[in-house]
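**Student:** After the structure tokens below, expect a handful of questions from me.
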Amino acid sequence: MDVPLKKKSYIQKYRTEWENDEDFKQWIKPIADSPTKAFCKYCHVEIAAKIYDLRKHRESKKHKAKCELITKNKQIQFTSTPDDGSKNSQKAEGQLALFIAEHTSISNTDHLTDLCKEVFHDSKCAKDIKMHRTKCTQVINQVLAPHFKDTLLKDIGTQKYSIILDESTDVSVSKYMGIIIRYFSLNTNNIVSSFLSLEPIERADARGIVTSLVKCLESQSLPIQNLIGIGTDNASVMTGRNNSQLAVSHASESNLPRNIEFLIRETYNWFSISPKRRDEYKALFQTINCGDEPLKILKVCDTRWLSIEPAVLRILAQWNELKLHFSLAREKCYTAGLLWEMYNDEGNRLYLCFLKSILHDVQIGIKVFEGENIDPVKLLETLMTLLRSVCVRIIIPGAATTDKDFLTIKVEDHLDPVAHLGHLFESHASNSNLSPQAISNIKKRCIDFSVKLVQEIQNRIPSNCEILAKVTLLSPENTLKQIKDPHALVGLARELGFDDQKTDKIVQQWKTIQFIEWETAGDSKINRSKVKYVMPSTSITENLVDSCLNALEKLTAHHSKKNAIFGFETSIFAEIRCIKIPNTRGNVKFMLPHSTAASTGEICLITPDLKKGKKVDHEPTVEHWKDILKEAGVTEVKTVLPLRQLKVEYDQYELKRRLLTQHDFIMVDTRILNHASHLLGKMFFKKHNMLIPIKMNEKANIKKYIDIGLRTAMLRLNEGHTSTILVGHTSMSRDNLKENIMSLIKQLASKYPGGEANIRSISLKLPLSLPLPLYLTLRSSNSIGLPKLAHKRPKHFKILEDELSTIPDSTVRVAPDGTVHLKKQKKMVKSVNEKVLLESEKEDESEGDVNEEE
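The UniProt record's numbering puts the first residue of the sequence shown at 1, with every later residue one more than the last.
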């Protein structure tokens, strides 16, 4: 009997056509990792990808209940891709967040976004901005900060870098350390300094700072091996595990009594918090010292143990007075009683006398280390001097004679049994009422302090300091000597790793260098008397102007326009900085070869009225001058403004300001210049487009004078050092612009107050760009006299001078403007009479000598 074959089964997979079926499309969904199953979005269950199972699930009670519930509450469909409007608003929100992070506080975000919506109400992008302080904080922390961090780390890469550290100095609960990284940027091809991190510090000590720094570098994936330098404030005493401040601190920890520092600190605190105590002590001190004022007790810095030395000096100078003061106040205050007991103990005074002597030498060495641009060889000499000064106090004479001996000696094995700890200490010890055993104990502790200090200084001097000492052979003083030892330089060359050939060459040059004629043999400073300063007229050349214009062109390289060297019309100014400010204000007029007005510039012409009167219409005047300008072929003037119209319609400050901003050039007839200046006011002349006077005459060539006015540039002398003048615009040809600049440079010699010698620098700039220098000098201000602005006088200007009959021997001078100047000549007449008398006496003496000879 034949067995029937079993029907072969196949695997049914999910079909995308079901998503278009009316029975399934609302709730079916594929499963990414399981192609043989489907997912119901309503019931959140997996179903076999078979049509029978799908229809069976659709007819189930659970699915129908879910469908009924969902159809009543329609879901909101979210689009996965935003439209262009939302992208623009997101971009605007990011830029606003970046602006707020850089320039202002986050709390201003609420008002700033509302302001943008109100001001830019016609912008759809502004309307879609929805960002307040919470969202702005998240945008800064989650979007902008990671972006700039990744950009910075990619720019650093695997390059070497340096770190600049500074700890917060404010009085707060948490302490932070700002970290700045300095590296060579591949993007800008320049060395840049950028903010890296603001790290919290658990402990404000060396270990806490190092721990925070290492943690920051590891979190930023910056290898510590690439760190080549660390910059801090007071680096000479703040870096390194061996520094001089720690040397004194370590020496004082276990060898001096703890009450010494308590005595100094609490003495200052006693007087600092109470004006009454200061007055009482002042009265006591004046009574004892015949009215002299007491010196103020100084405060000991909390972080610098070495600052105790100035306070010790003040306390020792007033020891008896302070002792008496605290004895009077001890009954009312426990602190005063403790301080009196310390001042009454002569041992504490001996400790302070010892500290005064030894801290003075240490303080000198620390001050040298805190200086700027200090020679390392001098630093080594200062440190060795300090070491010798401390050693000779306590060791046997002759135990150490050379620097090497002082660096290697074990001072505890060569202590002097009768060590001299200073004259002040010895004199007070001999006059005190302390027992010999107590004085011996104090001396022992002071000697132990000195021994510990010597050991700490020896640890802080590098072992290869001999190389640094040999470097002094290359100083100008030793190099230019006639008698030199070449063997010493050979040792230095070998220490630095030079081979025999280079060493021989160095020695030969070092031996013959004194035969070269040096202008300053013992000093590297320049002989300033031989420096010759160049004036702008000879220093600024056409090639230099071309280079400066090329640099300005690159600032606007993203624009382009035919027949324009920059691409768009923008004013170009020359910035002139003086050495001495002129004592008079005013304007200086320069005549340039070419017009400085742009083709799109608005030019206004202020003209006199045809008829005078209070209610005369100004329209006939406007038509009259427009007809004259049209006949003369003048097309540059866009607005004609009669004087009466200026007086009536522009009487408000805002209207005058609008007149200023709407026109690039404002020219005025010379006949009404003073009237127009009075109507516009002083605030009008603080801008660049000042009034340009021109001659207006119906019979004259008006086009010629208009052209002269357009080529006129006015330089207003400000109250400061810097003034600007318009020299052209960016639509001019390069040759015309260059001619204007060169013409201005030549005219500065005769028109600028003080001449060319009073000019510190000349630069070219755009309205919103940095100035690009054309000329700069370091000429001293002592070589410049007081600059004065020479005002041009009229042709018929004449000063009348005559004798004054009411005052004898006096003359009076009257200027055309009515200025009267009285000049007395009594002293001059007297000096003339004395001169005549002396000459007559000399003649008589000469005649007497001749007679005697005869």
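Virtual Cβ for every residue (Gly too), placed ideally from N, Cα, C. As the structure is a computational prediction, the values presented were derived from the model and not from experiment.
(1) Who are Pro620's beta bridge partners in DSSP?
(2) State the CB to CB distance for the pair Ala419 and Arg393, rounded to an integer number of angstroms; the pair is presumed to be in contact (CB under 8 Å).
(3) Have a look at Asn736, Ser327, Phe590 and Glu631 and flag the residue whose alpha-carbon is nearest the alpha-carbon of Leu339.
(4) If you run the structure through DSSP and keep just helix, strand and coil, what is Thr303?
(5) Can you give me the C-alpha to C-alpha distance between Asp150 and Val143, rounded to a whole angstrom?
(6) Buried or exposed for Met732, please, with buried defined as at least 16 other CB atoms from any protein chain shown within 10 angstroms of its CB.
(7) Counting only the same chain and skipping the five closest in sequence on each side, list residues whose C-beta sits under 6 Å from that of Arg644.
(8) Am I right that Ser432 and Glu346 are in contact with their C-beta atoms under 8 Å? What's the rounded C-beta distance?
(9) Let me know the secondary structure DSSP gives Arg203 once reduced to three states.
(10) List the endpoints of the continuous beta strand (DSSP E) containing Tyr183.
(11) Three or more C-beta pairs closer than 8 Å, one from the stretch 764–780 and one from the stretch 573–581: is that the case here?
(12) With Val507 and Pro536 assumed to form a contact (beta carbons below 8 Å), what rounded beta-carbon distance in angstroms separates them?
(13) Using only the alpha-carbon positions, how far apart do Leu98 and Ile209 sit?
(14) Could you check the C-alpha separation between Arg528 and Arg779 for me, to the nearest Å?
(15) Would you kindly work out how many angstroms separate the C-alpha atoms of Thr16 and Ile31, rounded to a whole number?
(16) Over what stretch of residues does the alpha helix (DSSP H) that includes Glu412 continue unbroken?
(17) How about the stretch 470–488 and the stretch 436–450: do they share at least three Cβ pairs that are nearer than 8 Å?
(18) Should Met177 go down as buried or exposed, given a rule of 16 or more other Cβ atoms within 10 Å for buried?
(19) Closest to Glu68 by CA distance: which of Ala632, Ser547, Pro310 and Tyr42 is it?
(20) In the DSSP output, which residue or residues are listed as bridge partners for Ser571?
(21) Per the DSSP calculation, Phe354 is bridged to which residue(s)?
(22) Using a Cβ-Cβ cut-off of 6 Å (strictly less than) and excluding sequence neighbours within five positions of Tyr752, which residues of its own chain qualify?
(23) Is Gln318 buried or exposed, if buried means 16 or more other CB atoms sit within 10 Å of its CB?
(24) Are the CB atoms of Ile666 and Ile692 nearer to each other than 8 Å?
(25) Here's the rule: buried if 16 or more other CB atoms are within 10 angstroms of the residue's CB, otherwise exposed. What is Val119?
(26) Hey, Leu540 and Tyr183: beta-carbon distance below 8 Å or not?
(27) May I ask you to list the residues that DSSP assigns as paired with Ala713?
(28) Quick one: which unbroken alpha helix (DSSP H) runs of 4-plus residues sit fully inside the stretch 74–137? Chain order, please.
(29) Should the stretch 184–197 be called in touch with the stretch 155–165, which here means at least 3 C-beta pairs below 8 Å?
(30) Can you give me the start and stop residues for the beta strand (DSSP E) that Met667 sits inside?
(31) Sort Gly94, Ser86 and Thr137 by Cα distance to Lys124 and report the nearest one.
(32) Round the Cβ separation of Lys630 and Val640 to the nearest angstrom and send it over; I've been treating them as touching at under 8 Å.
(33) Buried or exposed: His121, going by 16 or more other Cβ atoms within 10 Å of its Cβ?
(34) Under three-state DSSP, which class holds Pro583?
(35) Out of curiosity, what's the CA-to-CA distance linking Ile100 and Val192?
(36) From Gln363 to Gly422, what distance separates their C-alpha atoms?
**Tutor:** Looking at the coordinates:
(1) Answer by DSSP bridge pairing: none, since Pro620 is not bridged.
(2) 6 Å
(3) Ser327
(4) Because the pLDDT of Thr303 is 48, which lies under 50, any placement of that residue in the model is unreliable, and the question is left without a value.
(5) 11 Å
(6) buried
(7) Asp609 and His618
(8) 4 Å
(9) coil
(10) Lys175 to Ser185
(11) yes
(12) In fact, because the Cβ distance is near 49 Å, the residues do not count as touching under 8 Å.
(13) 30 Å
(14) Model confidence at Arg528 stands at a pLDDT of 40, short of 50, so the residue's coordinates are unreliable; what they give is reported in the following sentence. Using only the alpha carbons, I get a separation of about 10 Å.
(15) 12 Å
(16) Where Glu412 is concerned, there is no enclosing alpha helix (DSSP H), given that its DSSP letter is neither H nor E.
(17) no
(18) buried
(19) Tyr42
(20) His729
(21) Beta-bridge pairing links Phe354 to no other residue.
(22) none
(23) buried
(24) yes
(25) exposed
(26) According to the sequence displayed, residue 540 carries Ile and not Leu. Not in contact: Ile540 and Tyr183 (Cβ atoms no closer than 8 Å).
(27) Phe590
(28) 84–103, 109–119 and 124–127
(29) yes
(30) Phe665 to Asp669
(31) Ser86
(32) At roughly 11 Å, the Cβ-Cβ gap does not stay under 8 Å, so Lys630 and Val640 are not in contact.
(33) exposed
(34) Note that residue 583 corresponds to Asn in the displayed sequence, not to Pro. Of the three classes helix, strand and coil, the one that applies to Asn583 here is coil, per DSSP.
(35) 23 Å
(36) 17 Å
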